[in-house]
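Novice:
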Amino acid sequence: AQGLKVGTGTIVDATLITAPSSTNHADKARDPQMHQTRKGQQWSFGMKLHIGVDSRTGLAHSAAVTAANLHDKHLIGDLLHGEERHMYGDGAYASHKALIRAHAPHARDFTNRRTRKGGHVDEAERSRNRHTSKIRARVEHVFAVVKRLWGFAKVRYRGLDKNANRSFVAL
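Residue numbers (the numbering used here): 10 to 180.
#1: Take Phe54 as the anchor and find which of Gly61, Ile60, Thr46 has the nearest alpha-carbon.
#2: Cα separation between Ala10 and Arg39?
#3: Within 10 Å of its beta-carbon, does Gly91 have 16 or more other beta-carbons around it, so buried, or fewer, so exposed?
#4: In angstroms with no decimal places, state the Cα-to-Cα distance between His115 and Arg125.
#5: Please state whether DSSP places Phe161 in a helix, a strand or coil.
#6: Below 8 Å between beta carbons: does that hold for Leu89 and Thr19?
#7: If I measure Cβ to Cβ from Pro29 and keep anything under 6 Å in the same chain, skipping five residues before and after, which residues do I get?
#8: Could you tell me whether the segment 156–171 touches the segment 123–139, where touching means 3 or more Cβ pairs closer than 8 Å?
#9: Spatial neighbours of Lys163 within its chain, please: C-beta separation below 6 Å, excluding the five flanking residues on both sides.
#10: Beta-carbon of Arg167 versus every beta-carbon of chain D: anything under 8 Å?
#11: Between the Cα of Ala77 and those of Arg65, Pro41, Gly127, spot the shortest distance and give me the residue it belongs to.
#12: Exposed or buried, Ser64, counting other C-beta atoms within 10 Å across all chains shown (16 or more means buried)?
#13: From Ala103 to Arg122, what does the alpha carbon distance come to, in whole angstroms?
#14: Is the distance from the Cβ of Val178 to the Cβ of Val62 below 8 Å?
#15: Kindly indicate which three-state DSSP category Val130 falls into: helix, strand or coil?
What follows is the structure, encoded as structure tokens:
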């Protein structure tokens, strides 16, 4: 049989997809299913696209859409298939080892470590983060294709359901 086999590692990440925050239309209201969130010092209004990508092939095997204000950790169970031996993620997943262990019991946690208070990172942690970031870049490539080539930088419809359907068809 020919086909692709999902590998033993999953990279999880989420990206913001902005929605119009204007109320200058017939309803005179923002989309009630979209919410605002802050990334750094920049506030955005819209939704989040969460995906799980195979670490070997770079193909997306799971996806979920939520309002922008929901933390990434709440969808770990939806993005992991349970057979992983490696799990990669950014700093948002760093302090959730028990949650990762519950959904992928055999997976080793390769999430990037956050900097400590004061911004100090020892050289071993910096080297480890640099190594895992090279693998995690595969999920960023998927986001680049989705947002730049397929036009998902902004939502096209009101409501999460229609935008989720459009996202799942594209992936």
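Yeah, the Cβ is synthetic: ideal placement off N, Cα and C, and Gly gets one too. Computed from a predicted structure; not experimentally measured.
Specialist: The relevant details are as follows:
#1: Looking up residue 54 in the sequence shown gives position 45. The option with the nearest alpha carbon to Phe54 is Thr46.
#2: On the sequence shown, residue 10 is found 1 positions in, with the first residue counted as 1. On the sequence shown, residue 39 is found 30 positions in, with the first residue counted as 1. Low local confidence applies: a pLDDT of 47 at Ala10 is under 50, so the model's placement there is unreliable, with the coordinate-based value given in what follows. When rounded, the distance between both Cα atoms is 49 Å.
#3: By one-based count along the sequence shown, residue 91 stands at place 82. Counting Cβ neighbours within 10 Å, Gly91 comes out exposed, since fewer than 16 surround it.
#4: Here residue 115 corresponds to residue number 106 of the sequence shown, with the count starting at 1. Here residue 125 corresponds to residue number 116 of the sequence shown, with the count starting at 1. Approximately 28 Å between the Cα atoms of the pair.
#5: To locate residue 161, count along the sequence shown from 1; it is residue 152. If DSSP states are grouped into helix, strand and coil, Phe161 belongs with coil.
#6: Here residue 89 refers to the residue found at position 80 when the sequence shown is read from its first residue. Here residue 19 refers to the residue found at position 10 when the sequence shown is read from its first residue. Yes, these two residues count as a Cβ contact at 8 Å.
#7: The residue labelled residue 29 in the question sits at position 20 within the sequence shown. Same-chain partners within the cutoff: there are none.
#8: no
#9: For the purposes of this step, residue 163 is identified with residue 154 of the sequence shown, where counting begins at 1. Around Lys163: Thr27.
#10: Annotation note: the requested chain D is absent from the structure, which comprises a single protein chain.
#11: On the sequence shown, position 68 is the one that residue 77 refers to. When only C-alpha atoms are compared, the closest one is Pro41.
#12: Stepping through the sequence shown from its first residue, residue 64 is reached at position 55. Per the 10 Å Cβ criterion, buried.
#13: Position 94 of the sequence shown, counted from the first residue, corresponds to residue 103. Position 113 of the sequence shown, counted from the first residue, corresponds to residue 122. Rounded to whole angstroms, Ala103 to Arg122 spans 6 Å at the Cα level.
#14: As a first step, residue 178 is located in the sequence shown; it is residue number 169 there, counting from the start. As a first step, residue 62 is located in the sequence shown; it is residue number 53 there, counting from the start. Result no, Cβ atoms of Val178 and Val62 do not sit closer than 8 Å.
#15: Within the sequence shown, residue 130 is the residue found at index 121, counting from 1. Val130: coil per DSSP, three-state reduction.
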